[in-house]
Amino acid sequence: MSDDTIEELESLRNVYLILSDLLIREVDRESLALLRSGQMPGFLKNIGVDLSPGEGEGDEKLLDELAAEYSALFVQPGSAPPYESVALSGRLLAPEADKVEITYQKNGFDYRKAHPNIFPDHVAIELAFIASLLEARSKEMKNGNNDAAGELEGERISFISAHPAKWMRDYFIKVSSKAKAPFYAGLLDFAGGFIESEADEAAAKGAQAAARP
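This is the structure:
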């Protein structure tokens, strides 16, 4: 059982959710307002992201620029589709997609209501799944169910090692090299370093678990 605190788990979950939300779709007016509220400006500043409109410019131009950049990076022909199966096998709906879908079903994770047209191995869906495991673990810890919390942590470590660790860091590096907008350049640079750290921690925890008698 890890000695992570509930506050640490919730903070980590928030990072996963922020990355998932920003990678699932282009930034619109609603999400831009959220990114400028609460603690988000500080978080974005720490990762080198600035969402202030240019001098003499309004939000409309900023949103248009971000939409064009999102499409160029993730959607248009010649972009890098944000799917594990494409990154590892070169095609959509390869075995990687089936494997993550099985894991989602086993854990009661349903993403299709919110995103019916997205495949299960989309980078944002995998990140959202990890966030859901962190949320569930936090709830179990609050209720004093340490065994259940430990099982959820084991599931998280296993999933990170089997999926994000095998493709996300290299994917984020590849896409960030093509980013022109400071927003996506900063976001993708941060995401690459974050996933690398999470993958290293998952590998260490997995090795510790394997070494226990």
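Numbering (my numbering), first residue to last: 1202 to 1414. Cβ atoms here follow ideal geometry from the backbone N, Cα and C, with glycine treated the same way.
Contacting residues, own chain, Cβ-Cβ under 6 angstroms from Leu1169 (five flanking each side not counted): There is simply no residue 1169 to check, as the chain begins at 1202 and stops at 1414 in what is shown.
Cα-Cα separation, Pro1278 to Val1287: 13 angstroms
Beta-carbon proximity list for Ala1329, same chain, < 6 angstroms, skipping 5 on both sides: Ser1221
Residue from Ala1382, Ala1400, Gly1309 with nearest C-alpha to Leu1264: Ala1382
Segment contact flag, the region 1305-1324 with the region 1342-1349, C-beta cutoff 8 angstroms, min 3 pairs: no
Minimum C-alpha distance to Thr1206 - residue among His1323, Glu1341, Val1250, Ala1400: Glu1341
Proximity below 8 angstroms, CB of Leu1274 to CB of Lys1379: yes
Residue range of the unbroken alpha helix (DSSP H) whose run includes Asn1318: Per DSSP, Asn1318 belongs to no alpha helix (DSSP H) and is neither H nor E.
Rounded Cβ spacing between Val1250 and Leu1388 (contact assumed at less than 8 angstroms): 6 angstroms
Whole-angstrom distance between Ile1319 and Lys1406, CA atom to CA atom: 31 angstroms
Residues of its chain near Ser1280, where Cβ-Cβ distance is below 7 angstroms and the 5 sequence neighbours each way are ignored: Ala1273, Leu1274
Per DSSP, the bridge partner or partners of Tyr1284: His1323
Rounded straight-line distance, which links the Cα of Ala1332 to that of Gly1243: 21 angstroms
C-alpha gap between Arg1214 and Glu1270, whole angstroms: 26 angstroms
Integer-rounded CB distance, given that Pro1283 should sit under 8 angstroms from Ala1325: 7 angstroms
Distance, Trp1368 Cα to Leu1293 Cα: 14 angstroms
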